[in-house]
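Accompanying notes for the structure given below.
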Amino acid sequence: MNGVTGRMGTNQHLVRSILAIRDEGGVRTADGRTILPEPVLVGRNPEKLKALDAEYGPLRWTTDLDAALADASLPVYFDSLSTSLRPACVRKAIAAGKHVYCEKPTATTSDEAYALYALARDAGVKHGVVQDKLWLPGLVKLKRLIDGGFFGRILSVRGEFGYWVFTGDAPARPPQRPSWNYRAEEGGSLLVDMFCHWRYVFDNLFGPVRSVACLGTTHIPERCDEAGRPYACTADDAAYAIFEVGDDGVVVQMNSSWCTRVRRDDLLVLQVDGTQGSAVAGLRDCRIQTLADTPRPVWNPDVPNPVDFWEGWDLVDTDAAYENAFKAQWELFLRHVAADEPFPWTLLEGAKGVQLAEVGRQAWHERRWLDVPDLAP
Ligand SMILES: NC(=O)c1ccc[n+]([C@@H]2O[C@H](COP(=O)([O-])OP(=O)(O)OC[C@H]3O[C@@H](n4cnc5c(N)ncnc54)[C@H](O)[C@@H]3O)[C@@H](O)[C@H]2O)c1
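Going by the working numbering, the first residue of the sequence shown is number 1182, and it counts up by one from there.
In structure tokens, the structure reads:
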């Protein structure tokens, strides 16, 4: 596990996924076997690795990636390094014959992301990319509604993602995201960060993304970094996009912003409108309104509206229990590696995410609609 001293590596992948799986006694495969993952932590800084060992150990760790890759007893390479460092390490791992699982974006350009896929495919190793949003309870519930035909014909989707990220200019309100997120030269960009997610969310829920129009912007030109020093924001902090999705041309409007205040059910909300009903999915909950329950509003601003539009929606699947989204996908990947169970969330799907970010950015800069070309499997 390389990059495991980072925010995602420690919290989501090591503690809440791999160690949680070990605490539960491992993952059961369909043919009745148990997989017990034994992580080896890889990093630059021995002190940080020792600290993880002390807190969660005993854990094996090393600062020598090449030695770990040369160890034939270790079948899987996992990568949650900073994005720009990922391709070189993934290439090495594939060359060493390891199965590869990694964070998104898989690379900083779609050419490089696709090249990683082609390498893994040609080497015959198994590969996967983190697509955690697919296992958010709210989106699992939404997918179940779609598969069950709840919506009739899906017409459109309106998505709102975002919250206010403090600018760091007041000590009492420190920024809750790292400063590199706002520096293009360090790989920052809300558009790149979120379009990698939106690609697999839309592809899996509504059908393949066909085209995109987009306006990105940097609403706040200066922020203060972790040390309180002002810096110029060179990366976008909001992206307003429209996508055409699937064979029926579902229209998806998606606002993504780190400069907005929340008055909605959750930090991510997708409203899906269909001929037979609508749903509003957040991170955990999903609410529906059927055609039969749909109110008949009449436009009359001269009197208070008699309809409370927040009423008339029902929560679905309230008693189901859900795993941490990262852990749920880890279990599937481990079963894919050990028991050959299906795992469609491959490096090709990861490359599609990077591609959508690239085409979205191009559409913004050229101020026009662009089609999203197919990537050959
Ligand atoms: N799936 C998601 O929802 C999600 C959310 C946030 C971040 N991410 C992705 O996860 C990855 C890591 O993000 P993070 O927020 O954990 O970042 P982070 O900065 O906390 O961690 C980065 C890791 O890379 C290591 N690293 C950085 N520079 C290095 C160098 N020169 N040599 C060796 N190691 C180096 C760090 O030590 C650390 O372990 C990024 O690619 C990011 O896009 C995914």
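Virtual Cβ for every residue (Gly too), placed ideally from N, Cα, C. In this text, all values refer to a predicted model and were calculated from it rather than measured experimentally.
Using a Cβ distance threshold of 9 angstroms, residue 1433 and residue 1490 do not count as a contacting pair. Here residue 1206 carries a coil assignment [DSSP, helix/strand/coil]. If you compare the alpha carbons of 1284, 1392, 1437 and 1487 with that of residue 1550, the shortest gap goes to 1392. Taking C-alpha positions only, residue 1342 is separated from residue 1436 by approximately 6 angstroms.
In this chain, residue 1388 is not harboured by any alpha helix (DSSP H), its DSSP state being neither H nor E.
The beta carbon of residue 1390 sits closer than 7 angstroms to those of 1380, 1383, 1384, 1424, 1426, 1537 and 1553, all from its chain and outside the five residues before and after it, given in chain order. Looking at the DSSP output, residue 1419 shares a beta bridge with 1398 and 1438. For residue 1399, the closest of 1386, 1405 and 1371 by C-alpha to C-alpha distance is 1371. Residue 1261 sits in coil when the DSSP states are folded into three classes, being neither helix nor strand. In the structure shown, the three-state DSSP call for residue 1364 is coil. In this structure, DSSP gives residue 1227 a helical state, which the three-state scheme calls helix.
In its chain, beyond the 5 residues on either side, 1250, 1258 and 1281 have a beta carbon closer than 7 angstroms to the beta carbon of residue 1274.
Of the heavy atoms belonging to ligand 1, at least one sits nearer than 8 angstroms to the Cβ of residue 1314. Not one heavy atom of ligand 1 is found less than 8 angstroms from the C-beta of residue 1324.
In the DSSP assignment, residue 1183 is bridged to 1223 and 1260. Judged by the Cβ position, residue 1486 fails to qualify as a neighbour of ligand 1 at the 8 angstroms threshold, every heavy atom of the ligand being at least this far.
When secondary structure is reduced to three states using DSSP, residue 1467 falls in the strand class. Rounded to the nearest angstrom, the gap between the Cα atoms of residue 1230 and residue 1191 is 10 angstroms. In this chain, the beta strand (DSSP E) harbouring residue 1411 covers 1411-1413. The nearest non-hydrogen atom of ligand 1 is less than 8 angstroms from the C-beta of residue 1285. Here the distance from the Cβ of residue 1271 to the nearest heavy atom of ligand 1 is not below 8 angstroms.
The beta carbon of residue 1226 sits closer than 8 angstroms to at least one heavy atom of ligand 1. Proximity of the beta carbon of residue 1371 to ligand 1 is not indicated: no heavy atom of the ligand is located closer than 8 angstroms.
Annotation for residue 1266 indicates a beta carbon within 8 angstroms of some heavy atom of ligand 1. Between the alpha carbons of residue 1182 and residue 1503 lies a distance of about 25 angstroms. Residue 1338 is a Cβ neighbour of residue 1431, given a cutoff of 9 angstroms. Under the criterion of beta carbons closer than 8 angstroms, residue 1323 and residue 1451 qualify as touching, at roughly 7 angstroms.
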